[in-house]
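*Asks:* Let me give you the structure first, and then I'll get to my questions.
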Amino acid sequence: MATPRPAGQRDEPGMPRYGGIATYALLPRIEDVEHADVAVLGIPFDSGTSFRPGARFGPAHIREQSRQLHPYHQFLDVRPFDVQQVADAGDVAVGPYDIDRAVAAIESAARSLVAGGTKVVALGGDHTVALPLLRAAAAAHGPLAVLHFDAHLDTWDTCHGASVWHGSPFRRAAEEGLLDLDHCQHVGVRGGIYDPSELADDRRAGFEIIDSEAFQERSVGDIVVQIRQRLGARPVYVSVDIDVLDPAHAPATGTPEVAGLTTRELFRTLRGLAGLNIVGCDVVEVAPAYDHADITGLAAAHTAWELISLLALDGNRSGAGRANRAVEPHT
Ligand code: MN
Ligand code: MN
Numbered sequence: 448m449a450t451p452r453p454a455g456q457r458d459e460p461g462m463p464r465y466g467g468i469a470t471y472a473l474l475p476r477i478e479d480v481e482h483a484d485v486a487v488l489g490i491p492f493d494s495g496t497s498f499r500p501g502a503r504f505g506p507a508h509i510r511e512q513s514r515q516l517h518p519y520h521q522f523l524d525v526r527p528f529d530v531q532q533v534a535d536a537g538d539v540a541v542g543p544y545d546i547d548r549a550v551a552a553i554e555s556a557a558r559s560l561v562a563g564g565t566k567v568v569a570l571g572g573d574h575t576v577a578l579p580l581l582r583a584a585a586a587a588h589g590p591l592a593v594l595h596f597d598a599h600l601d602t603w604d605t606c607h608g609a610s611v612w613h614g615s616p617f618r619r620a621a622e623e624g625l626l627d628l629d630h631c632q633h634v635g636v637r638g639g640i641y642d643p644s645e646l647a648d649d650r651r652a653g654f655e656i657i658d659s660e661a662f663q664e665r666s667v668g669d670i671v672v673q674i675r676q677r678l679g680a681r682p683v684y685v686s687v688d689i690d691v692l693d694p695a696h697a698p699a700t701g702t703p704e705v706a707g708l709t710t711r712e713l714f715r716t717l718r719g720l721a722g723l724n725i726v727g728c729d730v731v732e733v734a735p736a737y738d739h740a741d742i743t744g745l746a747a748a749h750t751a752w753e754l755i756s757l758l759a760l761d762g763n764r765s766g767a768g769r770a771n772r773a774v775e776p777h778t
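This is the structure we're talking about:
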């Protein structure tokens, strides 16, 4: 079995991190590796957004802001690019005018990766992209326990006549039988509700809510215990809408909501999920035109790195036991 080619190793001698074309974390492209255990897949699509557009530029921005990611995770004690082969699978070719056609293209791209034994870490794109990603993951693993970080429920029905948009992916997924209806979890919910009936609809879609105020009232460790009990050993899909963060921590997003999580709270929560059976994940809703000093791009790039690190700890990971390969120090 080939030794994983780690991130940060460049073919060009002397090339600094900020030089050259950016793949995610300066990883090899997927066509340059024998097999990818994990693929970072960009989805430049935002035709499902209801407010600020611009998440179509999210994948390129996140890749640019991922140049500084390093090979060792000191809190999880893992080298996420050494113990599994992670590669950048580029972007799905999706046009902006036809949502159904785009969703089909995303599902097809994700299915072909999953069928080859590759776990997908998707970079959005608006949250519409979660629906085809869930279809692909559920086809391989059955109904999924979804762990959904978001200011919003995203279990709404239609908007301006569209049934597939960025506020409906988890409702459509529940209707299609893609979700384990007793074991899905929202984290960070706070905004955008018109009527309490939406909360009842949300429960029917399989979700329990840990709202943003929980992070004021409870310890993160306590919240992690609740999440782990909810998900158990089931196949878990983790979806991170970057608007779960406060606009101070992630201003560049489609539907910002004040009074959200800090980046530190999000990462502490994610690091508490070590050992869960994560089968796929996404980081969505980064709209770079609204960013300042790359705050949101950095948060998203590092969120994806946290998720990739969790996949490296997953007991079901293929390629477990591979020898580590030292990474050249990068200047
Ligand atoms: Mn949201
Ligand atoms: Mn969302």
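First residue of the sequence shown: 448, per this note's numbering; consecutive thereafter.
Glycine included, each C-beta is placed from N, C-alpha and C at the ideal position.
#1: In the DSSP assignment, what residue or residues form a beta bridge with Q632?
#2: On the CB-based measure, 16 or more other CB atoms within 10 Å of its CB, does N771 come out buried or exposed?
#3: If I'm right that L745 touches Q512 with Cβ under 8 Å, what's the distance once you round it to whole angstroms?
#4: For Q673, which residues from the same chain have a beta carbon less than 7 Å from its beta carbon, with the 5 sequence-adjacent residues on both sides left out?
#5: Tell me whether H599, by its Cβ, gets closer than 8 Å to a heavy atom of ligand 1.
#6: Count the other CB atoms, across all protein chains shown, that sit within 10 Å of the CB of E775; report buried if there are 16 or more and exposed otherwise.
#7: Have a look at the DSSP bridge pairing and note the partners of A486.
#8: Report whether the distance from the Cβ of T700 to the nearest heavy atom of ligand 1 is below 8 Å.
#9: For D529 and P451, which I take to be in contact (beta-carbon distance under 8 Å), what is that distance rounded to the nearest angstrom?
#10: Expressed to the nearest angstrom, what Euclidean distance is found between the alpha-carbon atoms of R526 and S666?
#11: Alpha carbon to alpha carbon, how far is V726 from G768? Give it in angstroms, no decimals.
#12: So what's D479 in DSSP terms, helix, strand or just coil?
#13: Looking at ligand 1, does it come within less than 8 Å of H574, judged from the CB to the closest heavy atom?
#14: Just the C-alpha distance for G505 and D669, rounded to the nearest angstrom, thanks.
#15: Assuming G701 and H613 make a contact with CB atoms under 8 Å, what is their CB distance in whole Å?
#16: Return yes when the Cβ of D573 is within less than 9 Å of the Cβ of V636, no when it is not.
#17: Output the distance between the C-alpha atoms of D688 and H595, rounded to the nearest integer angstrom.
#18: Between the region 641 to 650 and the region 704 to 722, are three or more C-beta pairs nearer than 8 Å?
#19: Looking only at DSSP bridge pairs, what is S686 linked to?
#20: Alpha carbon to alpha carbon, what distance is there between V611 and G495?
#21: Given 8 Å as the limit, tell me if G542 has its C-beta closer than that to any heavy atom belonging to ligand 2.
*Replies:* So, to answer that:
#1: L594 and E655
#2: Confidence at N771 is low in this model, with a pLDDT of 32, below 50, so its placement is unreliable and no value can be given for it.
#3: 5 Å
#4: I657
#5: yes
#6: Unreliable placement is indicated for E775, whose pLDDT of 41 sits below 50; the coordinate value is still reported in the next sentence. Exposed: under 16 other Cβ atoms inside 10 Å.
#7: A534 and V567
#8: yes
#9: 6 Å
#10: 28 Å
#11: Residue placement at G768 cannot be trusted, given a pLDDT of 36 that sits under 50; what the coordinates show is reported in the next sentence. Each residue's Cα considered, the two are about 19 Å apart.
#12: helix
#13: yes
#14: 32 Å
#15: 7 Å
#16: no
#17: 8 Å
#18: no
#19: H595 and D729
#20: 7 Å
#21: no
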